[in-house]
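Numbering of the sequence shown is given in numbering that gives the first Met the number 0, commencing with residue 0 and proceeding in unit increments. C-beta atoms are modelled at their ideal positions from N, C-alpha and C, and glycine is treated no differently. Reviewing the structure listed below.
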Amino acid sequence: MKIAFIMDPLTSVKPQKDTTYHLMLAAAEREHQVFYLDQFDLTVKSGLVFGHITEVAVHNDMEKPFTPGDKVEVDMSEMDVILIRTDPPFDRAYLYTTLILDMLPPTTRVLNRPSGLRNWNEKLAAVLYPDLTPNQIVTQSASIITKFAEGKKRIILKPIDGFAGRGIFFMEPNSPNFDQTVDMMTEGETRRIIAQDFVPRASEGDKRILLLNGEPIGAILRLHPEGKELNNLDAGGSAHPTELTERDLEICRRIGPGLKKEGVFFSGIDILGDMLIEINVTSPTGLQQLCQFSGIAHNHNIIEALEGGK
(Lines of atoms letter the chains of each structure in order from A and count residues from 1; the text may use other names and numbers.)
(Lines give C-alpha, C1' and ligand atoms only; values in the text may rest on other atoms or scores of the structure.)
Protein backbone atom coordinates (compact mmCIF):
# COMPACT_ATOMS: atom_id res chain seq x y z
CA MET A 1 0.00 0.00 0.00
CA LYS A 2 0.90 3.64 -0.37
CA ILE A 3 0.53 5.24 3.06
CA ALA A 4 0.92 8.99 3.46
CA PHE A 5 1.46 10.57 6.88
CA ILE A 6 0.33 14.18 7.28
CA MET A 7 2.41 15.30 10.22
CA ASP A 8 4.71 17.93 11.66
CA PRO A 9 8.22 18.22 10.14
CA LEU A 10 10.39 15.11 10.21
CA THR A 11 13.12 17.13 11.91
CA SER A 12 10.85 17.62 14.93
CA VAL A 13 10.33 13.88 15.49
CA LYS A 14 11.81 12.32 18.65
CA PRO A 15 12.14 8.71 17.47
CA GLN A 16 12.75 7.27 20.94
CA LYS A 17 9.16 8.06 21.96
CA ASP A 18 7.21 9.33 18.93
CA THR A 19 4.02 7.44 18.03
CA THR A 20 3.93 8.57 14.40
CA TYR A 21 7.49 7.37 13.83
CA HIS A 22 6.56 4.02 15.38
CA LEU A 23 3.65 3.65 12.95
CA MET A 24 5.81 4.68 9.99
CA LEU A 25 8.43 2.13 11.01
CA ALA A 26 5.82 -0.64 11.17
CA ALA A 27 4.49 0.35 7.74
CA ALA A 28 8.00 0.23 6.27
CA GLU A 29 8.79 -3.11 7.96
CA ARG A 30 5.60 -4.50 6.42
CA GLU A 31 6.95 -3.37 3.01
CA HIS A 32 4.50 -0.55 2.35
CA GLN A 33 5.54 2.69 0.68
CA VAL A 34 5.71 5.48 3.26
CA PHE A 35 5.24 9.13 2.35
CA TYR A 36 5.49 12.32 4.38
CA LEU A 37 3.84 15.70 3.92
CA ASP A 38 2.93 18.72 6.00
CA GLN A 39 -0.69 19.86 6.01
CA PHE A 40 0.39 22.97 4.09
CA ASP A 41 1.72 20.74 1.30
CA LEU A 42 -1.89 20.12 0.18
CA THR A 43 -3.26 21.98 -2.85
CA VAL A 44 -6.64 21.86 -4.59
CA LYS A 45 -6.71 22.19 -8.38
CA SER A 46 -9.92 21.87 -10.40
CA GLY A 47 -11.54 19.99 -7.55
CA LEU A 48 -8.68 17.52 -7.19
CA VAL A 49 -6.41 17.28 -4.14
CA PHE A 50 -2.68 17.33 -4.79
CA GLY A 51 0.16 17.03 -2.34
CA HIS A 52 3.85 17.85 -2.43
CA ILE A 53 4.99 14.62 -0.82
CA THR A 54 8.27 12.95 0.04
CA GLU A 55 8.79 9.22 -0.01
CA VAL A 56 10.65 8.23 3.13
CA ALA A 57 12.81 5.24 3.99
CA VAL A 58 12.22 4.57 7.69
CA HIS A 59 14.97 2.98 9.81
CA ASN A 60 15.00 1.40 13.25
CA ASP A 61 17.79 3.79 14.16
CA MET A 62 17.38 6.52 16.76
CA GLU A 63 20.25 8.52 15.26
CA LYS A 64 18.99 8.36 11.68
CA PRO A 65 15.31 7.41 11.66
CA PHE A 66 14.52 8.75 8.17
CA THR A 67 16.08 8.96 4.73
CA PRO A 68 13.79 11.27 2.76
CA GLY A 69 13.66 11.27 -1.02
CA ASP A 70 12.80 14.15 -3.32
CA LYS A 71 9.61 16.11 -2.88
CA VAL A 72 7.21 15.58 -5.79
CA GLU A 73 3.64 16.63 -6.55
CA VAL A 74 1.10 13.82 -6.83
CA ASP A 75 -2.65 13.42 -6.98
CA MET A 76 -3.43 12.36 -3.40
CA SER A 77 -6.13 9.99 -4.65
CA GLU A 78 -3.20 7.74 -5.63
CA MET A 79 -2.63 7.02 -1.94
CA ASP A 80 -4.33 3.98 -0.42
CA VAL A 81 -4.34 5.43 3.09
CA ILE A 82 -3.70 8.89 4.49
CA LEU A 83 -3.06 9.09 8.24
CA ILE A 84 -3.57 12.54 9.75
CA ARG A 85 -1.02 12.88 12.54
CA THR A 86 -0.53 16.64 12.77
CA ASP A 87 -0.27 17.72 16.39
CA PRO A 88 -2.95 19.99 17.86
CA PRO A 89 -4.18 22.64 18.35
CA PHE A 90 -7.12 22.01 16.05
CA ASP A 91 -7.08 25.55 14.69
CA ARG A 92 -8.40 27.17 11.51
CA ALA A 93 -5.58 25.71 9.42
CA TYR A 94 -6.33 22.22 10.74
CA LEU A 95 -10.03 22.74 10.01
CA TYR A 96 -9.30 23.69 6.39
CA THR A 97 -7.02 20.66 6.06
CA THR A 98 -9.89 18.35 7.03
CA LEU A 99 -12.23 20.07 4.57
CA ILE A 100 -9.70 19.62 1.76
CA LEU A 101 -9.19 15.95 2.61
CA ASP A 102 -12.96 15.44 2.48
CA MET A 103 -12.68 16.13 -1.27
CA LEU A 104 -10.79 12.87 -1.85
CA PRO A 105 -12.66 9.90 -3.32
CA PRO A 106 -13.66 7.00 -1.02
CA THR A 107 -10.99 4.83 -2.63
CA THR A 108 -8.46 6.75 -0.52
CA ARG A 109 -9.01 6.10 3.19
CA VAL A 110 -8.35 9.13 5.37
CA LEU A 111 -7.88 8.36 9.07
CA ASN A 112 -8.92 9.59 11.43
CA ARG A 113 -11.92 10.60 9.32
CA PRO A 114 -11.82 14.39 8.77
CA SER A 115 -15.41 14.86 9.92
CA GLY A 116 -14.59 12.90 13.07
CA LEU A 117 -11.72 15.27 13.82
CA ARG A 118 -14.09 18.19 13.42
CA ASN A 119 -16.89 16.67 15.49
CA TRP A 120 -14.84 15.30 18.40
CA ASN A 121 -13.15 18.27 19.99
CA GLU A 122 -10.59 16.74 22.32
CA LYS A 123 -11.82 18.64 25.38
CA LEU A 124 -15.53 19.02 24.60
CA ALA A 125 -16.15 15.44 23.44
CA ALA A 126 -15.77 14.20 27.01
CA VAL A 127 -18.52 16.61 28.09
CA LEU A 128 -20.97 14.42 26.15
CA TYR A 129 -20.58 11.81 28.91
CA PRO A 130 -21.38 13.72 32.14
CA ASP A 131 -21.74 10.57 34.24
CA LEU A 132 -18.19 9.52 33.28
CA THR A 133 -16.48 12.86 33.86
CA PRO A 134 -15.84 15.25 36.75
CA ASN A 135 -18.42 17.99 37.28
CA GLN A 136 -17.60 20.76 34.78
CA ILE A 137 -18.95 23.72 32.86
CA VAL A 138 -18.10 25.36 29.54
CA THR A 139 -18.54 29.12 29.49
CA GLN A 140 -16.89 32.49 28.91
CA SER A 141 -18.77 34.12 31.80
CA ALA A 142 -16.63 35.12 34.77
CA SER A 143 -19.65 35.22 37.07
CA ILE A 144 -20.73 31.69 36.11
CA ILE A 145 -17.19 30.40 36.71
CA THR A 146 -17.06 32.17 40.08
CA LYS A 147 -20.38 30.66 41.10
CA PHE A 148 -19.20 27.21 39.94
CA ALA A 149 -16.12 27.57 42.17
CA GLU A 150 -18.07 28.52 45.30
CA GLY A 151 -17.54 26.09 48.17
CA LYS A 152 -14.77 24.19 46.37
CA LYS A 153 -11.19 23.93 47.61
CA ARG A 154 -9.72 23.74 44.09
CA ILE A 155 -10.86 23.74 40.50
CA ILE A 156 -9.16 23.34 37.13
CA LEU A 157 -9.39 25.91 34.36
CA LYS A 158 -8.39 24.87 30.86
CA PRO A 159 -8.74 26.16 27.30
CA ILE A 160 -10.99 24.24 24.92
CA ASP A 161 -8.27 24.16 22.26
CA GLY A 162 -5.37 23.41 24.59
CA PHE A 163 -2.97 20.49 24.18
CA ALA A 164 -0.03 18.81 25.94
CA GLY A 165 -1.14 20.33 29.23
CA ARG A 166 -0.61 23.87 28.02
CA GLY A 167 -2.73 26.66 29.45
CA ILE A 168 -4.12 24.60 32.34
CA PHE A 169 -4.43 26.28 35.73
CA PHE A 170 -5.09 24.65 39.10
CA MET A 171 -6.88 27.33 41.10
CA GLU A 172 -8.09 27.96 44.64
CA PRO A 173 -11.28 30.06 44.41
CA ASN A 174 -10.08 32.34 47.22
CA SER A 175 -6.75 32.97 45.50
CA PRO A 176 -6.05 36.69 45.03
CA ASN A 177 -5.34 36.15 41.31
CA PHE A 178 -8.42 34.00 40.62
CA ASP A 179 -10.41 36.75 38.89
CA GLN A 180 -7.37 37.89 36.95
CA THR A 181 -6.69 34.35 35.71
CA VAL A 182 -10.29 33.88 34.61
CA ASP A 183 -10.22 37.20 32.77
CA MET A 184 -6.95 36.29 31.07
CA MET A 185 -8.14 32.85 29.99
CA THR A 186 -11.54 34.05 28.73
CA GLU A 187 -9.91 37.08 27.08
CA GLY A 188 -12.31 39.40 28.80
CA GLU A 189 -15.29 37.04 28.62
CA THR A 190 -15.01 36.61 24.85
CA ARG A 191 -13.60 33.07 24.80
CA ARG A 192 -15.14 29.93 26.30
CA ILE A 193 -13.07 27.80 28.65
CA ILE A 194 -13.70 24.69 30.75
CA ALA A 195 -13.97 24.89 34.54
CA GLN A 196 -13.76 21.47 36.15
CA ASP A 197 -13.80 19.98 39.63
CA PHE A 198 -10.37 19.02 40.88
CA VAL A 199 -9.90 15.24 41.09
CA PRO A 200 -7.98 14.39 44.29
CA ARG A 201 -6.51 11.22 42.79
CA ALA A 202 -4.58 13.34 40.27
CA SER A 203 -1.53 12.83 42.47
CA GLU A 204 -1.59 9.16 41.45
CA GLY A 205 -1.05 10.07 37.78
CA ASP A 206 -3.42 9.58 34.87
CA LYS A 207 -4.00 6.67 32.55
CA ARG A 208 -3.72 6.99 28.76
CA ILE A 209 -5.78 4.25 27.13
CA LEU A 210 -5.24 3.67 23.41
CA LEU A 211 -8.14 2.44 21.29
CA LEU A 212 -8.20 0.96 17.81
CA ASN A 213 -11.58 1.23 16.09
CA GLY A 214 -13.14 1.99 19.45
CA GLU A 215 -11.64 -1.06 21.20
CA PRO A 216 -8.96 -0.67 23.90
CA ILE A 217 -5.56 -2.18 23.11
CA GLY A 218 -3.82 -1.20 26.34
CA ALA A 219 -2.80 1.65 28.60
CA ILE A 220 0.13 3.44 30.17
CA LEU A 221 0.28 5.40 33.42
CA ARG A 222 1.59 8.95 33.11
CA LEU A 223 3.06 10.39 36.28
CA HIS A 224 4.05 14.01 36.84
CA PRO A 225 7.59 14.95 37.87
CA GLU A 226 8.25 15.92 41.47
CA GLY A 227 6.94 19.37 42.30
CA LYS A 228 4.60 19.45 39.29
CA GLU A 229 0.93 18.55 38.76
CA LEU A 230 0.61 17.92 35.04
CA ASN A 231 1.05 14.28 34.01
CA ASN A 232 1.44 14.91 30.26
CA LEU A 233 4.60 13.38 28.79
CA ASP A 234 5.31 16.60 26.89
CA ALA A 235 5.09 18.47 30.21
CA GLY A 236 7.81 16.33 31.77
CA GLY A 237 5.70 13.38 32.91
CA SER A 238 7.03 9.84 32.80
CA ALA A 239 5.38 6.68 31.47
CA HIS A 240 4.86 3.52 33.53
CA PRO A 241 3.17 0.14 32.99
CA THR A 242 -0.43 -0.23 34.11
CA GLU A 243 -3.46 -2.46 33.68
CA LEU A 244 -7.01 -1.76 32.59
CA THR A 245 -9.58 -1.87 35.37
CA GLU A 246 -13.24 -2.79 35.01
CA ARG A 247 -14.08 0.92 35.28
CA ASP A 248 -11.63 1.67 32.42
CA LEU A 249 -13.28 -0.98 30.28
CA GLU A 250 -16.73 0.38 31.13
CA ILE A 251 -15.68 3.83 29.93
CA CYS A 252 -14.27 2.33 26.72
CA ARG A 253 -17.49 0.40 26.12
CA ARG A 254 -19.49 3.60 26.46
CA ILE A 255 -17.48 5.79 24.10
CA GLY A 256 -16.10 3.16 21.71
CA PRO A 257 -19.18 2.90 19.46
CA GLY A 258 -19.28 6.68 19.00
CA LEU A 259 -15.60 6.76 18.03
CA LYS A 260 -16.06 3.97 15.51
CA LYS A 261 -19.19 5.57 14.05
CA GLU A 262 -17.30 8.83 13.49
CA GLY A 263 -14.42 7.04 11.76
CA VAL A 264 -11.94 7.63 14.58
CA PHE A 265 -9.61 4.75 13.77
CA PHE A 266 -6.92 5.41 16.41
CA SER A 267 -7.57 7.39 19.58
CA GLY A 268 -6.41 7.87 23.14
CA ILE A 269 -8.50 8.67 26.19
CA ASP A 270 -7.26 10.03 29.50
CA ILE A 271 -8.57 8.66 32.79
CA LEU A 272 -7.93 10.42 36.10
CA GLY A 273 -8.89 8.26 39.06
CA ASP A 274 -12.05 6.70 37.66
CA MET A 275 -13.10 9.73 35.61
CA LEU A 276 -12.86 10.38 31.86
CA ILE A 277 -10.94 13.62 31.32
CA GLU A 278 -10.19 13.86 27.61
CA ILE A 279 -10.64 12.08 24.26
CA ASN A 280 -7.64 12.50 21.97
CA VAL A 281 -8.30 12.06 18.25
CA THR A 282 -5.80 14.27 16.38
CA SER A 283 -2.46 12.59 17.12
CA PRO A 284 -2.72 10.43 20.26
CA THR A 285 0.61 9.44 21.80
CA GLY A 286 1.85 6.68 24.10
CA LEU A 287 1.96 3.86 21.54
CA GLN A 288 5.70 3.31 21.67
CA GLN A 289 5.70 3.13 25.48
CA LEU A 290 2.76 0.69 25.42
CA CYS A 291 4.62 -1.57 23.00
CA GLN A 292 7.69 -1.52 25.25
CA PHE A 293 5.77 -2.31 28.43
CA SER A 294 3.53 -5.00 26.94
CA GLY A 295 6.02 -6.64 24.62
CA ILE A 296 3.35 -6.51 21.91
CA ALA A 297 4.00 -4.87 18.52
CA HIS A 298 0.79 -2.84 18.57
CA ASN A 299 2.20 -0.58 15.84
CA HIS A 300 2.26 -3.58 13.50
CA ASN A 301 -1.25 -4.56 14.57
CA ILE A 302 -2.52 -1.09 13.66
CA ILE A 303 -0.94 -1.22 10.20
CA GLU A 304 -2.27 -4.77 9.79
CA ALA A 305 -5.77 -3.43 10.49
CA LEU A 306 -5.28 -0.99 7.60
CA GLU A 307 -4.23 -3.87 5.37
CA GLY A 308 -7.49 -5.60 6.20
CA GLY A 309 -9.49 -2.49 5.38
CA LYS A 310 -10.91 -2.30 8.91
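Between L210 and F169, the C-beta spacing is not below 9 Å. Per DSSP, reduced to three states, the secondary structure at V12 is coil, with no helix or strand assignment. In the three-state DSSP reduction, F292 falls in the helix class (H, G or I). It is roughly 20 Å from the alpha-carbon of L271 to the alpha-carbon of D160. Around the C-beta of K122, 16 or more other C-beta atoms lie within 10 Å, and the residue is accordingly described as buried. The three-state secondary structure of E225, taken from DSSP, is coil.
The C-beta distance from I5 to Q38 rounds to 5 Å, short enough to fall under 8 Å. Closest option to S293, judged by alpha-carbon separation, among P129, G217, L275 and H223: G217. Listed in chain order, the alpha helix (DSSP H) runs fully inside the stretch 244-276 are 245-260, counting runs of at least 4 residues. Ranking L222, S142 and D90 by CA distance to the CA of A238 puts L222 first. C-alpha of K44 to C-alpha of S76: approximately 13 Å in a straight line. Selection G115, A92, D79 and R91 evaluated against P105 yields D79 as nearest (Cα-Cα).
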